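Report on the following structure.
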Amino acid sequence: MKKKKKLYLILLNSFFIGSVLLGLFYSDFLYNYLVGGSINFFGDYKAAIDAIICNQVESKMACPEYAYGKILTLLPYSYKLNFVYHQLIPYTVIFIFIFFTSFFFISKNKINFLMLYLTIFSPSTLLLIERLNLDILIIISIFIFSINRIYLINWLILINLTLLKIYPFILSSIILYENRKRNIYTSLTIISIITFLIFLLVANFDLFETINAYGTESKASFFYLFSFNHLPKLLKYSFGINYILSLSLLGFIFIYIVFKLCSKNTIFIDIKENSPELIIFNLGTITLIVCFLIYSNYYYREVFLICAFPFLLKKEIFQIKFIRYFIYFCVLRYIFEYIYSYISLTDFIYYIDNQRYFNLSFIIVSYFKSIFDLFLVVSLTYIFFIFNISFFIEKLAPLKKFINK
10 MKKKKKLYLI LLNSFFIGSV LLGLFYSDFL YNYLVGGSIN FFGDYKAAID
60 AIICNQVESK MACPEYAYGK ILTLLPYSYK LNFVYHQLIP YTVIFIFIFF
110 TSFFFISKNK INFLMLYLTI FSPSTLLLIE RLNLDILIII SIFIFSINRI
160 YLINWLILIN LTLLKIYPFI LSSIILYENR KRNIYTSLTI ISIITFLIFL
210 LVANFDLFET INAYGTESKA SFFYLFSFNH LPKLLKYSFG INYILSLSLL
260 GFIFIYIVFK LCSKNTIFID IKENSPELII FNLGTITLIV CFLIYSNYYY
310 REVFLICAFP FLLKKEIFQI KFIRYFIYFC VLRYIFEYIY SYISLTDFIY
360 YIDNQRYFNL SFIIVSYFKS IFDLFLVVSL TYIFFIFNIS FFIEKLAPLK
410 KFINK
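Heads up, the sequence shown is in the working numbering, so the first residue is 10 and it goes up one at a time.
Take a look at the structure:
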């Protein structure tokens with residue numbers, strides 16, 4: 010009976026959120042104050058559909074540069090499927106995303122509901138949904154990985170996601186987490202086979218031309234940026250400080266702080282239960298950290314932060330002081346995002362003699378955002394260490410014994 014009530018609550022909550030989002034997307038408020046820079050509704054998704062159409066229906070024409078992996082062009086298409094591709098799939102994907110997010114957040118705790126609504130209605134998530142960037146498929150896949158016990162399905166999804174955007178290969182770590190009883194040798198063998206199959210598919214379907222563009226075709230400059238290089242870019246613009254120098258220095262500081270936090274760690278938690286929330290936390294956190302450090306992301310990639318909260322909001326985890334303060338920081342950061350987005354849309358740039366300049370208000374909020382982002386990722390890296398150090402020590406123990414022989 011309790012499960013039925015929870016399901017009804019999740020569905021009711023999902024339809025409510027979906028209705029509010031629909032109202033926002035068809036209002037001027039969203040585009041005037043929260044989401045900007047997009048010409049077409051579902052613009053990123055439509056770019057993917059255009060690539061499919063160009064390669065299958067209008068194959069004699071010169072197609073634009075692939076925004077995603079070329080494997081998308083292997084999907085079937087005809088004009089009879091217009092309704093499916095342009096209406097049914099987009100809204101179904103959005104609803105699935107809302108449903109899964111609600112599923113993992115819904116509980117009796119008020120803080121869970123607060124974080125649910127903050128994460129979904131944050132400007133960065135609204136931008137992801139408005140553009141329907143295919144990152145939304147990746148976070149849905151993370152949710153599926155956490156509850157699916159037919160491991161072959163997880164591996165097939167992983168292969169296709171990697172061919173869609175190369176960075177989801179990070180999610181191969183699911184092979185370590187999906188079955189804690191699986192030994193390290195078996196896990197490494199499976200990862201090796203999957204890697205081989207990916208290269209085989211790339212070679213067989215002539216996908217090399219887009220292998221370097223997966224997920225990196227559109228880089229954020231200063232606008233809506235979520236990246237490790239955000240602060241160095243601002244320092245170069247504001248004070249003319251050498252970009253490579255400041256980036257290198259910041260890298261050393263980042264490594265030093267993380268190392269210090271981990272080496273002086275006093276929080277030791279050995280988690281034996283392989284819960285879906287823990288799997289989501291691990292996969293989402295790894296993805297967020299790696300993308301932040303490597304790519305110049307538009308800030309809709311912050312959506313992977315959602316994966317951290319279902320686990321961190323568990324009663325026994327939330328009681329840890331550092332975790333509690335981290336959640337409070339995230340609440341403040343989400344609130345700040347509204348200020349950042351508003352200023353980015355309304356007080357962004359001006360021109361003098363055809364030369365672009367950024368307004369002071371935009372520079373100030375950008376500095377704050379870059380610092381908040383750095384603090385966020387440093388904290389997440391440390392939290393990831395707390396909950397995984399025992400797991401990796403146990404998992405790698407057989408390799409250590411083999412090396413010492």
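Every residue, glycine too, gets a C-beta built ideally from N, C-alpha and C. Fair warning: this is a prediction, and the values are worked out from it, not measured in the lab.
Distance, residue j Cα to residue i Cα
| i | j | result |
| --- | --- | --- |
| residue 166 | residue 203 | 11 Å |
| residue 328 | residue 62 | 52 Å |
| residue 194 | residue 101 | 39 Å |
| residue 31 | residue 305 | 29 Å |
| residue 29 | residue 190 | 43 Å |
| residue 248 | residue 20 | 51 Å |
| residue 123 | residue 130 | 11 Å |
| residue 221 | residue 18 | The predicted position of residue 221 is uncertain, since its pLDDT is 49 and thus under 50; no value can be drawn from it. |
| residue 1 | residue 387 | The requested residue 1 is not part of the displayed model; the chain covers only 10 to 414. |
| residue 296 | residue 395 | 17 Å |
| residue 362 | residue 116 | 56 Å |
| residue 114 | residue 291 | 16 Å |
| residue 360 | residue 185 | 52 Å |
| residue 212 | residue 205 | 11 Å |
| residue 103 | residue 92 | 16 Å |
| residue 43 | residue 232 | 13 Å |
| residue 355 | residue 378 | 17 Å |
| residue 52 | residue 45 | 12 Å |
DSSP beta-bridge partners of residue i
| i | result |
| --- | --- |
| residue 290 | Paired residues: none, contrary to the question. |
| residue 343 | According to DSSP, which records beta bridges pairwise, residue 343 is partnered with nothing at all. |
| residue 307 | 234 |
| residue 364 | 361 |
Buried or exposed (CB count within 10 angstroms, at least 16 for buried), residue i
| i | result |
| --- | --- |
| residue 340 | exposed |
| residue 242 | buried |
| residue 150 | buried |
| residue 94 | buried |
| residue 273 | exposed |
| residue 223 | For residue 223, the pLDDT reaches just 49, beneath the cut-off of 50, and the residue's location in the model is therefore unreliable, although a value from the coordinates is still provided. Looking at its Cβ environment, which holds 16 or more other Cβ atoms inside 10 Å, residue 223 is buried. |
| residue 23 | buried |
| residue 405 | exposed |
| residue 37 | exposed |
| residue 197 | exposed |
| residue 275 | exposed |
| residue 403 | exposed |
| residue 325 | exposed |
| residue 85 | exposed |
| residue 89 | exposed |
Residues of its chain near residue i, where Cβ-Cβ distance is below 8 Å and the 5 sequence neighbours each way are ignored
| i | result |
| --- | --- |
| residue 210 | 80, 168, 172, 216 |
| residue 311 | 131, 133, 134, 235, 297 |
| residue 384 | 338 |
| residue 182 | 291, 292, 295 |
Residues near residue i in its chain [Cβ-Cβ closer than 6 Å; skip 5 each side]
| i | result |
| --- | --- |
| residue 285 | 155, 156 |
| residue 112 | 19 |
| residue 302 | 237 |
| residue 393 | 294 |
| residue 127 | 343 |
Contact set for residue i: own chain, Cβ-Cβ below 7 Å, skip 5 residues either direction
| i | result |
| --- | --- |
| residue 348 | 374 |
| residue 238 | 256, 305 |
| residue 137 | 144, 145, 309, 312 |
Task: the region 329-337 contacting the region 299-316, beta-carbon criterion three pairs below 8 Å - done: No contact exists between the region 329-337 and the region 299-316.
Task: Stretch pair the region 252-262 + the region 276-288: three plus CB contacts closer than 8 Å - done: Touching, no.
TODO: Would you check if the region 344-363 and the region 319-326 touch, i.e. whether three or more CB-CB distances between them fall below 8 Å?
DONE: With a cut-off of 8 Å, the region 344-363 and the region 319-326 do not count as touching, because too few Cβ pairs lie within range.
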